[in-house]
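The UniProt record's numbering puts the first residue of the sequence shown at 1, with every later residue one more than the last.
Each residue gets a CB set at the ideal place from its N, CA and C atoms; glycine is no exception.
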Amino acid sequence: MPTPFNQSVIDEFRAHGGKVGGPFDGGDLLLLTTTGARSGKEHTTPLGFVRDGGLLLVVGSNLGSPRHPDWYHNVLARPTVRVELGTEEFQAIAVPAEGERRDRLFERVVAAERGYGDYQARTSRILPVVVLERPAHEADIPEEADNFADKMLQVHLWLRGQLRHVRAETDAHFAALAAHTGPGVPPAPGLGLQIRQHCLAFCDALAFHHTSEDAHLFPAMRGYHPELRETFDRLAEEHRTVARIQGELAALLAGIDGTDPERFRAELDSMSRQLTAHLDYEEENLLPILAALPWPPEGARGTARSATTQPQPQPNDA
């Protein structure tokens, strides 16, 4: 259960469209829902934030304690988060800033909220600055889904967009390596937290999508469409192939500091080709049938919010 303080902030935020009084009156506050690194459960944390252009920045200050806050460990393991900002709610990818970018963004944070500088002075650990990225490509994804076909397209568009994002970041990284000339040490071969976080978000979403199809959607549809038996068998086999490639990619990410960039790119290219072909095949064969099935399913409309919360030892971060 959350602390009474945190729960009161969360309740007031949701009841008043993101406005909270008392010590937070007039301050910038958001609710960040993460997935527990070990438990797999959702945890909601009220956090202060600073805007940097179109970016939202949150800091793992933990009041300047020696330990990172729990929500930071969660986003390293599962970077897809839910953000509540005013009356708006959306998914984002949590990407910790690194090196010079982290220092620059932290200066921006301290300029807006001097208290974070005091927190940094209390501890020898570097306070992480986390960028909550709402991928630009999501503007092209329809917000509403009236049937299962629409919902599948929403998921597929998100997956395709994340894949493009990871590939673009990887290409930029290799371009920086190739452009290095003159004295000094070239850029480190590690792929960095930004690529790592987007890869993890992409793989987690893909695994969940395929598990849901194999466990629920496909078995139900087989009974009504026996003529598609070979189609479902092929899709299930492709799921196993993509899962194998995901496992190899995850193994590369686990040792990211020593990852060979060329091997990573080869794996990503292979996965991209097979995944794109898989999504194309699935859409060609299933969308006409799924268009007749309403979304949300009957009985699921109006389902209440499912987020759970967890106490956090940093009420002044909010």
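Once the 5 residues before and after residue i are set aside, which same chain residues still bring their CB inside 7 Å of it?
i    : result
L55  : V131
F49  : D28, L30, L56, L57, V58
T80  : Q91, I93, A201, D204, A205
R122 : G64
R101 : none
A149 : L287, L290, A291
A318 : Bear in mind that the predicted position of A318 carries a pLDDT of just 37, short of 50, making it too unreliable to give a figure here.
K151 : A145, W295
List the DSSP bridge partners of residue i.
i    : result
F90  : V83
V9   : For V9, which the question treats as bridged, DSSP gives no partner whatsoever.
H43  : T34
V58  : V130
V95  : V131
N147 : P294
L29  : G48
Which class does residue i belong to by DSSP, given the choice of helix, strand or coil?
i           : result
G18         : coil
G223        : helix
G161        : helix
R104        : helix
T3          : coil
G48         : strand
P296        : coil
P288        : helix
E133        : strand
L279        : helix
L153        : helix
P23         : helix
S65         : coil
G117        : helix
residue 343 : The first residue shown for the chain is 1 and the last is 318, placing residue 343 beyond what the model contains.
S124        : coil
T231        : helix
I245        : helix
N316        : Here N316 scores only 35 on pLDDT, less than 50, and its place in the model should not be relied on; the value that follows carries that caveat. Helix at N316.
I195        : helix
T181        : coil
P261        : helix
R78         : coil
Do you know whose CA, among the options, lies nearest residue i's CA?
i    : options                : result
P46  : L63, F13, S65, E230    : F13
G36  : N62, S65, L76, F264    : L76
A236 : G247, E213, L252       : E213
S124 : R78, I195, R67         : R67
Q274 : P296, P297, A251, R234 : R234
Q197 : F24, A215, E133, F232  : E133
H173 : V242, E262, D103       : E262
L127 : S61, K151, L279, E143  : S61
D140 : S272, M152, G161       : G161
L32  : G247, V9, E284, H16    : V9
E42  : D280, C199, R78        : R78
E282 : R104, Q194, L153, Q246 : L153
L253 : C199, Y224, H239       : C199
G22  : F5, T259, G182         : F5
D103 : L85, V83, G184, V129   : V129
L293 : E284, Y224, A179       : Y224
T87  : D171, G17, A179        : G17
T44  : R38, V83, G26          : V83
T259 : W295, R244, N285, G192 : G192
G26  : E113, L105, D11, G40   : E113
K19  : L85, T3, P142          : L85
E89  : S39, L105, T211, E143  : E143
T211 : P183, V110, A243, T181 : A243
Are there any heavy atoms of the ligand SAM lying less than 7 Å away from the beta-carbon of residue i, as far as the coordinates show?
i    : result
E282 : Of ligands this structure carries none, so the ligand SAM is not represented either.
Sorted by chain position, which residues of the same chain lie with C-beta nearer than 6 Å to residue i's C-beta, five sequence neighbours on each side aside?
i           : result
R108        : D52
L249        : E267
V155        : H209
H137        : With a pLDDT of 49 at H137, under the threshold of 50, the modelled position of this residue cannot be trusted; read the value that follows with caution. Here the set comprises G161.
residue 320 : A question about residue 320 goes unanswered here, because the residues of the chain that appear run from 1 up to 318.
F106        : V129
residue 349 : Because residue 349 is not part of the residues shown, which for the chain are 1 to 318, the question remains open.
Excluding five sequence neighbours on each side, which residues of the same chain lie with their C-beta closer than 8 Å to the C-beta of residue i?
i    : result
Q194 : V95, E98, E169
Q246 : C203, L206, A207, M271
L159 : F202, A205, L206, H209, L275, L279
T241 : Q274
Would you verify that the beta carbon of residue i is, or is not, closer than 8 Å to some beta carbon of chain B?
i   : result
T44 : No chain B appears in this structure, which consists of one protein chain only.
query: Do the stretch 214-221 and the stretch 111-124 meet, that is, are 3 or more Cβ pairs less than 8 Å apart?
result: No contact exists between the stretch 214-221 and the stretch 111-124.
task: Inspect the CB distances between the stretch 92-104 and the stretch 63-81 and report whether three or more fall short of 8 Å.
output: They touch, by the three-pair rule.
query: Between the stretch 270-289 and the stretch 225-238, do at least 3 Cβ pairs fall closer than 8 Å?
result: Segments in contact, yes.
query: Should the stretch 150-170 be called in touch with the stretch 259-276, which here means at least 3 C-beta pairs below 8 Å?
result: The answer is yes - the stretch 259-276 touches the stretch 150-170, with three or more Cβ pairs under 8 Å.
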